[in-house]
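Protein chains in written order, with our numbering: chain A, 44 to 485; chain B, 3 to 253.
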Amino acid sequence: MQPYLAQALDASSTFAGAGVGWIDALRRAGADAYGEHGLPRRRDEYWRYTSLNALLDEGFQLSEAAPAIGLPTLPHPSVAGLATYRVVLVNGRVQPKLCALDGMPDDVLISGLEDLLAAAPDRLEPYLGQIAPLEDMPMAALNTAFLQDGMAIFIGENIILDKPVHLISITAPGEGAMMVQPRHLVVMGQGAQATLIETHITATGGSSFNNIVTEMQLAEGAKLNHFVFQEEADTSVHLSGTAVSLAAGSFYDSFVLQSGAAIGRSEIRAYLNGPGVDCRLDGVYLATGKQVVDNTTYVEHAAPECRSRQVYKGVLDGQARGVFQGKVHVMRDAQKTDGNQLSRALLLSPRAEIDARPELEIYADDVKCSHGATAGELDEDALFYLLSRGIPQATARRMLIEAFLSEAIAEIPLQPVAEDFSTHVRQWLAGHIDQPADGAGS
Amino acid sequence: MALLEIRNLHATVDGKAILKGLNLTIDAGEVHAIMGPNGSGKSTLSYVLTGRAGYEVTDGEILFDGKDVIEMDPDERAREGVFLAFQYPVEIPGVTSMTFLRTAVNAVREHRGESVFDPMDFVKYVRERATDLNISDDMLKRAVNVGFSGGEKKRMEMLQMASLEPRIAILDETDSGLDIDALKVVADGVNAMRSPERGMLLITHYQRLLDYIVPDHVHVLANGQIVKSGDKALALELEEKGYAEFLENAA
Ligand SMILES: Nc1ncnc2c1ncn2[C@@H]1O[C@H](COP(=O)(O)OP(=O)(O)O)[C@@H](O)[C@H]1O
Ligand SMILES: [Mg+2]
């Protein structure tokens, strides 16, 4: 049997919704799809550059009860200080005492998924498991076999949500290596607008495997800004798979900042199903030591006159490895598609590496698409210019790296998040860039 | 003791010998001009003096205030008071001119044991100097040299010099690409910096600059050496006759 499958089959009979036909069937479909495929391997198209060998020996056990912990101080004061609807997960389970959901407008529901599975499964049925393609996402299939808890958001037609939703996901492993399988759902009605912020952190020292799946559906003209901050401990494997279904005229803007985890992966699959969709997928990553940081995207232009833009920028030091795998798939009817993707990596050490594979697959004839990937060291001319003004080597390097990333961060439309991300970048650089890398400098 | 003493300097770039036994002494308070044809090694000399990677000294000495600077890193030399106004100032997207200037000035001041500026005080400090150079607040808010005209870049170099208050300033073709009005602004900026404690080395291809900044000494650089030295009259002579004589003599 495939690793982790027995755990899923054992546990799921006790999960909320067991006995409800479609829920049982969905969990079984997840188990079947994963059972057939197993853990992704390098021969899988979307897993070419990231190995999950670390998971093979099934060292991770599903977290039982979440420890009772208080809300930790978040790394980012301004987002923490921002008025938000707050949903807190500890080890994949919603912690009602830590959530702050008062004053939700009519026709808005922000809830724990487990509660809905028990109390109102009908609301979930049209969406859950319908957006993420299990056959293309083996880790989503595994997550579906473990379907239990997470966050669900429903925003009714034409509602402009007054505050961002802040999902704080805390992994707190105990003695043994721990696994969590959270599942999130965001459903936005026609013309609805919202902002979702996610913070992923680790609270304790043990090792963990966090396999997250998020499904999102945006109806006509809906608008979602989505900011993700992944700063899990270097004892963590963090895999996030997001599938977004976008109807005509909708807008989805995602920004993922990853600097944590031994393996940190963000996979986003966006389906542009109606005309006039505007989809932006951006990211910044910082990695050092032996970290692997993976950004994988798939953007499917199924309808005409849609726009998609992707810019991923990162900094790799030590022996860190970056992955950018992005495909823009333009189907036959998707005329007037405007699609582009760009990957830019700064390699600060001779042993750092990036595998970048931007890819266009185009079946329509009237499109404007571009892609590009660059990887390089710090600009020697710029560095010398700063040094020649007396700026110390380490400071000069930090300034140039920060400048490289700040162009991407400046695109974030929500000021407190942009400031937080900048602060985080600055702190990371202060902690990591103090010596010239091997071979750099004079 | 001389402020800057260059003795028998030999330097290579990419293994190619460019400077071949250059001697030059600059005392505090003096302005020297080095003139020479294109490719004679003027910019190379400026980079060797500031310690740029890839410019290797193979023989000779560079003494700044009696201290050997060859082993010093470029940032260390700058903090000691060596300044280069670049022939081609570098664009740095994402770093504002103000932040760049403040970081540099504070690094130098800290090294000198002076107090560092907080951002508010620094704005005042820079504005005083920027006004004289016709540099607007808007330019200071923009990224370093990005989208600046040739003249703006050169004025920004002068602002950096005025803010850093170096002991020795090397100006590499600061006149190139400037119209006459811009040239006057730059020259006024340089003249305002002349002082008994400071030395200057003007690198130029044309004598035009020297009408506005009158040097104490003029040298001709050809084939990696100073081949002739004199006073301002030498610049006028070069203007008339060109460099052909020196190239032939040196060859
Ligand atoms: N980075 C470099 N790599 C190789 N050759 C160089 C480099 N920089 C300058 N040179 C060579 O060194 C010589 C002197 O150049 P330079 O110092 O720029 O002259 P000048 O400033 O007097 O015009 C020229 O022959 C030039 O081609
Ligand atoms: Mg030159």
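Beta carbons are placed, not taken as given, at the ideal position from N, Cα and C, and that holds for glycine.
Test item: CB-CB of residue i and residue j under 8 angstroms
{"i": "Asp174 of chain B", "j": "Lys22 of chain B", "result": "no"}
{"i": "Arg91 of chain A", "j": "Gln368 of chain A", "result": "yes"}
{"i": "Ala188 of chain A", "j": "Leu48 of chain A", "result": "yes"}
{"i": "Thr278 of chain A", "j": "Ala313 of chain A", "result": "no"}
{"i": "Val410 of chain A", "j": "Gln378 of chain A", "result": "yes"}
{"i": "Thr380 of chain A", "j": "Thr105 of chain B", "result": "no"}
{"i": "Val220 of chain B", "j": "Met37 of chain B", "result": "yes"}
{"i": "Val130 of chain A", "j": "Leu210 of chain A", "result": "yes"}
{"i": "Lys356 of chain A", "j": "Val320 of chain A", "result": "no"}
{"i": "Gly307 of chain A", "j": "Val287 of chain A", "result": "no"}
{"i": "Glu310 of chain A", "j": "Thr339 of chain A", "result": "yes"}
{"i": "Asp177 of chain B", "j": "Tyr208 of chain B", "result": "yes"}
Neighbour list for residue i in chain B, Cβ cutoff strictly below 8 angstroms
{"i": "Ser449 of chain A", "result": "Gly96"}
{"i": "Gln458 of chain A", "result": "Here the premise fails: no neighbours, minimum Cβ distance about 18 angstroms."}
{"i": "Pro435 of chain A", "result": "Asp77 and Ala109"}
{"i": "Ala473 of chain A", "result": "Under the 8 angstroms cutoff, chain B gives no residues; its nearest Cβ is about 14 angstroms from Ala473 of chain A."}
{"i": "Thr438 of chain A", "result": "Thr105 and Ala109"}
Delimiting residues of the beta strand (DSSP E) encompassing residue i
{"i": "Lys411 of chain A", "result": "Lys411 to Gly419"}
{"i": "Lys156 of chain B", "result": "Unbroken run through Lys156 of chain B is the alpha helix (DSSP H), Gly152 to Leu166; no beta strand (DSSP E)."}
{"i": "Tyr355 of chain A", "result": "Arg350 to Leu359"}
{"i": "Arg364 of chain A", "result": "Arg364 to Val373"}
{"i": "His467 of chain A", "result": "Looking at the DSSP string, His467 of chain A is not in any beta strand (DSSP E); the run it does join, the alpha helix (DSSP H), is Gln458 to His475."}
Cross-chain neighbours of residue i in chain A, by beta carbon under 8 angstroms
{"i": "Gln89 of chain B", "result": "The premise fails here: Gln89 of chain B is roughly 12 angstroms from chain A at the closest Cβ pair, so nothing lies under 8 angstroms."}
{"i": "Leu166 of chain B", "result": "Arg432 and Gly433"}
{"i": "Arg81 of chain B", "result": "Gly433"}
Cβ-heavy atom distance, residue i to ligand 4, below 7 angstroms
{"i": "Lys230 of chain B", "result": "Here the bound small molecules are ligand 1 and ligand 2; ligand 4 is not part of this structure."}
Any non-hydrogen atom of ligand 1 closer than 7 angstroms to residue i Cβ
{"i": "Ser99 of chain B", "result": "no"}
{"i": "Asp408 of chain A", "result": "no"}
{"i": "Asp16 of chain B", "result": "yes"}
{"i": "Ser251 of chain A", "result": "no"}
{"i": "Ser178 of chain B", "result": "no"}
{"i": "Asn25 of chain B", "result": "no"}
{"i": "Gly244 of chain B", "result": "no"}
{"i": "Gly53 of chain B", "result": "no"}
{"i": "Ser42 of chain B", "result": "yes"}
{"i": "Ile172 of chain B", "result": "no"}
Beta-carbon neighbours of residue i, restricted to chain B and to distances below 7 angstroms
{"i": "Tyr328 of chain A", "result": "What Tyr328 of chain A touches in chain B: nothing, since even the nearest Cβ is about 17 angstroms away."}
{"i": "Asp424 of chain A", "result": "Val92"}
{"i": "Ala446 of chain A", "result": "Ile94, Pro95, Gly96 and Val97"}
Where the alpha helix (DSSP H) through residue i begins and ends
{"i": "Gly62 of chain A", "result": "From DSSP, Gly62 of chain A is part of no alpha helix (DSSP H); its letter is neither H nor E."}
{"i": "His113 of chain B", "result": "Ser99 to His113"}
{"i": "Val320 of chain A", "result": "Neither: Val320 of chain A is in no alpha helix (DSSP H) and is coded neither H nor E."}
{"i": "Leu47 of chain B", "result": "Lys44 to Thr52"}
{"i": "Gly191 of chain B", "result": "Ile182 to Met195"}
{"i": "Ala51 of chain A", "result": "Leu48 to Ser55"}
{"i": "Tyr214 of chain B", "result": "Arg210 to Tyr214"}
{"i": "Ile444 of chain A", "result": "Gln436 to Ile452"}
{"i": "Arg86 of chain A", "result": "Where Arg86 of chain A is concerned, there is no enclosing alpha helix (DSSP H), given that its DSSP letter is neither H nor E."}
{"i": "Phe124 of chain B", "result": "Pro121 to Asp134"}
Ligand 2 heavy atom lying under 7 angstroms from the CB of residue i
{"i": "Ser465 of chain A", "result": "no"}
{"i": "Ser45 of chain B", "result": "yes"}
{"i": "Asp424 of chain A", "result": "no"}
{"i": "Gln236 of chain A", "result": "no"}
{"i": "Glu175 of chain B", "result": "yes"}
Within chain B, the residues that residue i reaches when beta carbons sit closer than 9 angstroms
{"i": "Asp205 of chain A", "result": "Here the premise fails: no neighbours, minimum Cβ distance about 34 angstroms."}
{"i": "Met442 of chain A", "result": "Ile94, Gly96, Val97, Thr101, Phe102 and Thr105"}
Contact list for residue i against chain A, beta-carbon separation under 7 angstroms
{"i": "Leu86 of chain B", "result": "Ser431"}
{"i": "Arg54 of chain B", "result": "Phe427"}
{"i": "Ala106 of chain B", "result": "Arg432, Gly433 and Ile434"}
Per-residue contacts from residue i into chain A (C-beta, under 9 angstroms)
{"i": "Gln162 of chain B", "result": "Arg432"}
Three or more C-beta pairs closer than 8 angstroms, one from the region 115-132 of chain B and one from the region 46-54 of chain B: is that the case here? no
Touching by the beta-carbon criterion (3+ pairs, under 8 angstroms), the region 391-409 of chain A and the region 65-77 of chain B: no
Count the C-beta pairs between the region 233-245 of chain A and the region 179-187 of chain A that are closer than 8 angstroms, then say yes if the count reaches three, no if not. no
At least three beta-carbon pairs within less than 8 angstroms, the region 161-177 of chain B to the region 115-123 of chain B: no
Okay, do the region 146-161 of chain A and the region 190-201 of chain A touch, 3+ Cβ pairs below 8 angstroms being the bar? yes
Would the region 18-35 of chain B count as touching the region 223-233 of chain B if we require 3 or more Cβ pairs under 8 angstroms? yes
Using a Cβ distance threshold of 8 angstroms, determine whether the region 138-150 of chain A contacts the region 293-303 of chain A, with at least three qualifying pairs required. no
I want to know whether the region 65-74 of chain B touches the region 131-141 of chain B - three or more CB-CB distances under 8 angstroms. no
Contact the region 166-175 of chain A vs the region 118-126 of chain A: 3+ CB pairs below 8 angstroms: no
Quick one: any contact between the region 79-99 of chain B and the region 413-432 of chain A, if contact means 3 or more CB pairs under 8 angstroms? yes
Decide if the region 49-59 of chain A is in contact with the region 261-276 of chain A; the criterion is three or more beta carbon pairs, one per stretch, under 8 angstroms apart. no
Is the number of C-beta pairs between the region 93-100 of chain B and the region 144-163 of chain B that are closer than 8 angstroms three or more? yes
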